[in-house]
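S.K.:
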Amino acid sequence: NSPEYLDSISTSSNNEEESQPRAECPVVMAESTDKKRLIPKKYSTILLDSSRNGVVRRDLFHLTGSNRFYEEKTAKLKVIDNHLLTSDAGESSLHEIRVSLECDYNANGDKQDLSYATGDHLLVYPKNSEAIVNAYVDMLDVDPHAIVSENNNNDSYPHPTGITIVETLSHCIDLGALPSPGFSRMILGTKELDYVHEIAEPRRTVIDLCHQAGTQLSLEDLLYNAFPMKPRYYSIASSSITCPSEIHLVFRPIHYMTSKGYLREGVCTSYLCHKGVLQKGTHDVACLPAVVKPNPSFRLPLDPEIPVMFIGGGCGVAPIRAFIEERVAQSKFHSMGPATLFMGFRTPQDEVYKGLVYEALEKDALTKSEIAYSSGCDMPEQSQMLVSDLLRRNSDAVWAHIQDGGHVYLCGGARTFGAAVESVLLDIFQEQSEMDFDHALKYLRDLVDEGRLAEDLAN
Numbered sequence: 074n075s076p077e078y079l080d081s082i083s084t085s086s087n088n089e090e091e092s093q094p095r096a097e098c099p100v101v102m103a104e105s106t107d108k109k110r111l112i113p114k115k116y117s118t119i120l121l122d123s124s125r126n127g128v129v130r131r132d133l134f135h136l137t138g139s140n141r142f143y144e145e146k147t148a149k150l151k152v153i154d155n156h157l158l159t160s161d162a163g164e165s166s167l168h169e170i171r172v173s174l175e176c177d178y179n180a181n182g183d184k185q186d187l188s189y190a191t192g193d194h195l196l197v198y199p200k201n202s203e204a205i206v207n208a209y210v211d212m213l214d215v216d217p218h219a220i221v222s223e224n225n226n227n228d229s230y231p232h233p234t235g236i237t238i239v240e241t242l243s244h245c246i247d248l249g250a251l252p253s254p255g256f257s258r259m260i261l262g263t264k265e266l267d268y269v270h271e272i273a274e275p276r277r278t279v280i281d282l283c284h285q286a287g288t289q290l291s292l293e294d295l296l297y298n299a300f301p302m303k304p305r306y307y308s309i310a311s312s313s314i315t316c317p318s319e320i321h322l323v324f325r326p327i328h329y330m331t332s333k334g335y336l337r338e339g340v341c342t343s344y345l346c347h348k349g350v351l352q353k354g355t356h357d358v359a360c361l362p363a364v365v366k367p368n369p370s371f372r373l374p375l376d377p378e379i380p381v382m383f384i385g386g387g388c389g390v391a392p393i394r395a396f397i398e399e400r401v402a403q404s405k406f407h408s409m410g411p412a413t414l415f416m417g418f419r420t421p422q423d424e425v426y427k428g429l430v431y432e433a434l435e436k437d438a439l440t441k442s443e444i445a446y447s448s449g450c451d452m453p454e455q456s457q458m459l460v461s462d463l464l465r466r467n468s469d470a471v472w473a474h475i476q477d478g479g480h481v482y483l484c485g486g487a488r489t490f491g492a493a494v495e496s497v498l499l500d501i502f503q504e505q506s507e508m509d510f511d512h513a514l515k516y517l518r519d520l521v522d523e524g525r526l527a528e529d530l531a532n
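Quick note, this note's numbering runs 73 ahead of the 1-based positions in the sequence shown.
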């Protein structure tokens, strides 16, 4: 006879909030004044065990078997360097982090040194910001150090057991993700919702909506409905020939203001920014839970004399750096074919790896390099344009490269950069030949199928 839990959510007054069902639990786990906590009607109550003196683990490598959190072969990689790549490009400057592949142990508890091939990805498991985790802890009325009991007889529980609430919130829930349409309606206490305009476009989060509506969620509501944390893919920015025992990653910290006036930060880039470097004489090492993911369709030609063309923008510099570094190493032992670089950065101050490009040009690992900047050019030799415009300016050379059997590597953001470059390539195909659009599109797809156009695009 009780009303549905959706109807009992507090949206206005404290009296309504106090009328929600509550469950008795041990004093060590109860944070609310009445030593009880909210329970939902839709989900089984999550059983909690006593805390272990406030200890919070840095990672979840202790979880094994069917309760394992990380995928197989995930390893604890030591951070050996983490620094800005530019001196004065602002808070969104590109960063480089280096990790050692000489790991202590992996998710199976085995010692296993990893290896990779140039062009592969590294899958990184991030953590939520401590400040955000603490905000959710304050919203919930349970002891953050209470442990999710292994005796929960509920196959539908979506997260590992045997870890504390704060560890679950830190590692297992993406607290920066948008709530689903159904979860959003539940929090706001309404069935009418324009999800795109009210939730997606302003990038609302669970805690944001709870504060707006005055809703207090139960632990179960949050853990069953919030999106799980997913690992993030990063293109490896180093050559396995030059750096066989370590991996370089390039990332740009994400910061932006929503249309509602909230500051948002990227979960994984913020996590990477705060990874310190081992100091000489100390034993406390920052580590990344990560696993190498092979990317066999993204490789340099086996024959280094085959012409190659690199087209990149922003963080797309990462895999391009790896390929250029590889060609520099190959140039010591092989005759090198022509290689062209078309690269774009936000401003001249945002440009990175100039030294490597100069070295590659000197050693014939690169034969031509043209850099475009979206803005901020104050020198006549600087090109203020998009990479797509740079390609149009070099349409004859692009077409000749493809006609000569060259390979093209397209690296950067998928939504805008990748789409713009593919559109320009289609235009070039039509202008340089007698193809119509349909034939140009088929030609582009044939290049992909033949392995001569390889893409590493993401958002």
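Backbone N, C-alpha and C fix where the C-beta goes; we use that ideal spot for every residue, glycine too.
1) Using 8 Å as the Cβ pair cut-off and three pairs as the minimum, do the region 335 to 348 and the region 136 to 149 touch?
2) Roughly how many whole angstroms lie between the Cα atoms of Thr241 and Glu145?
3) For the region 439 to 459 and the region 506 to 518, state whether three or more C-beta atom pairs, one from each stretch, are separated by less than 8 Å.
4) Report the residue ranges of all alpha helix (DSSP H) runs contained in full by the region 230 to 297; include only those spanning at least 4 residues, in chain order.
5) Using C-beta distances below 7 Å, list every residue in its chain close to Asn87, excluding the 5 sequence neighbours before and after it, in chain order.
6) Locate the alpha helix (DSSP H) running through Val128, then write down its first and last residues.
7) Quick one: what's got a C-beta closer than 7 Å to Arg525's C-beta in the same chain, skipping five residues either side?
8) Does DSSP put Ser83 in a helix, a strand or coil?
9) Within the chosen definition, does the region 377 to 395 reach the region 304 to 320 through at least 3 CB pairs nearer than 8 Å?
10) Within the continuous alpha helix (DSSP H) that includes Thr342, where are the two ends?
11) What did DSSP end up calling Cys388 once you bin it into helix, strand or coil?
12) Got a sec, what are the start and stop residues for the beta strand (DSSP E) Phe324 sits in?
13) Would you tell me roughly how many angstroms separate the C-alpha atoms of Glu274 and Ser165, rounded to the nearest one?
14) Nearest-angstrom Cα distance between Phe383 and Leu373?
15) Across which residues does DSSP place Asp122 in a beta bridge pair?
16) Counting Cβ pairs, one atom from each stretch, are 3 or more of them under 8 Å apart for the region 268 to 282 and the region 153 to 163?
17) Give every residue of the same chain whose Cβ lies closer than 6 Å to the Cβ of Cys346, excluding the five residues on either side of it in the sequence, and list them in chain order.
18) Would the region 397 to 409 count as touching the region 494 to 501 if we require 3 or more Cβ pairs under 8 Å?
19) For Ser222, which option in Arg465, Arg466 and Asn140 has the closest C-alpha, if you only look at C-alpha atoms?
20) What is the residue span of the beta strand (DSSP E) that Glu169 lies within?
21) Report back the beta-carbon spacing between Arg305 and Val197 to the nearest angstrom; my notes put them in contact at under 8 Å.
22) With distances taken Cα to Cα, identify the nearest neighbour of Val129 among His218, Leu158, Asp193 and Pro199.
23) Tell me the DSSP secondary structure of Asn155 in three-state form.
24) Would you identify the three-state DSSP class for His512, choosing helix, strand or coil?
25) Measure from the alpha carbon of Ala250 to the alpha carbon of each residue in Leu282, Pro113 and Leu439, then state which is nearest.
26) Does the distance from the C-beta atom of Glu528 to that of Leu483 stay below 8 Å?
27) State the Cα-Cα distance for the pair Pro76 and Ile260, rounded to the nearest angstrom.
28) Comparing C-alpha positions only, which one of His194, Ile170 and Ile236 sits nearest to Arg125?
29) Classify His328 as helix, strand or coil using the three-state DSSP reduction.
30) Ignore the nearest five residues each way along the sequence and tell me which others in Arg488's own chain have a CB closer than 8 Å to its CB.
31) Using the C-alpha atoms, what's the distance from Leu248 back to Leu296?
32) Compare the C-alpha of Val206 against each of Glu175, Thr191 and Ile238 and name the closest.
33) Can you pull the DSSP bridge partners for Glu443?
34) Reducing DSSP to helix, strand and coil, say where Leu373 ends up.
35) Report the rounded CA-to-CA distance for Asn74 versus Glu293, giving the unit in angstroms.
M.R.: Reading from the atomic positions:
1) no
2) 20 Å
3) no
4) 238 to 244, 254 to 261 and 279 to 286
5) Note that Asn87 scores 41 on pLDDT, short of 50, meaning its location in the model is unreliable; the coordinates nonetheless yield the value given after this. Taken in chain order, the list of residues that qualify is empty.
6) Note, Val128: premise wrong, no alpha helix (DSSP H); not H, not E.
7) His480 and Val481
8) With a pLDDT of 31 at Ser83, under the threshold of 50, the predicted position of this residue should be treated as unreliable, though the coordinate-derived value follows. Looking at Ser83 - three-state DSSP - the assignment turns out to be coil, as it is neither helix nor strand.
9) yes
10) Val340 to Cys346
11) helix
12) Glu319 to Phe324
13) 22 Å
14) 11 Å
15) Ile220
16) no
17) Pro326
18) no
19) Asn140
20) His168 to Ser173
21) 5 Å
22) His218
23) strand
24) helix
25) Leu282
26) yes
27) Confidence in Pro76 is poor, its pLDDT being 31 and thus under 50, which makes the residue's placement too unreliable to answer from.
28) Ile236
29) strand
30) Asn532
31) 11 Å
32) Ile238
33) Phe415
34) coil
35) Residue placement at Asn74 cannot be trusted, given a pLDDT of 33 that sits under 50; the coordinates are not used to answer.
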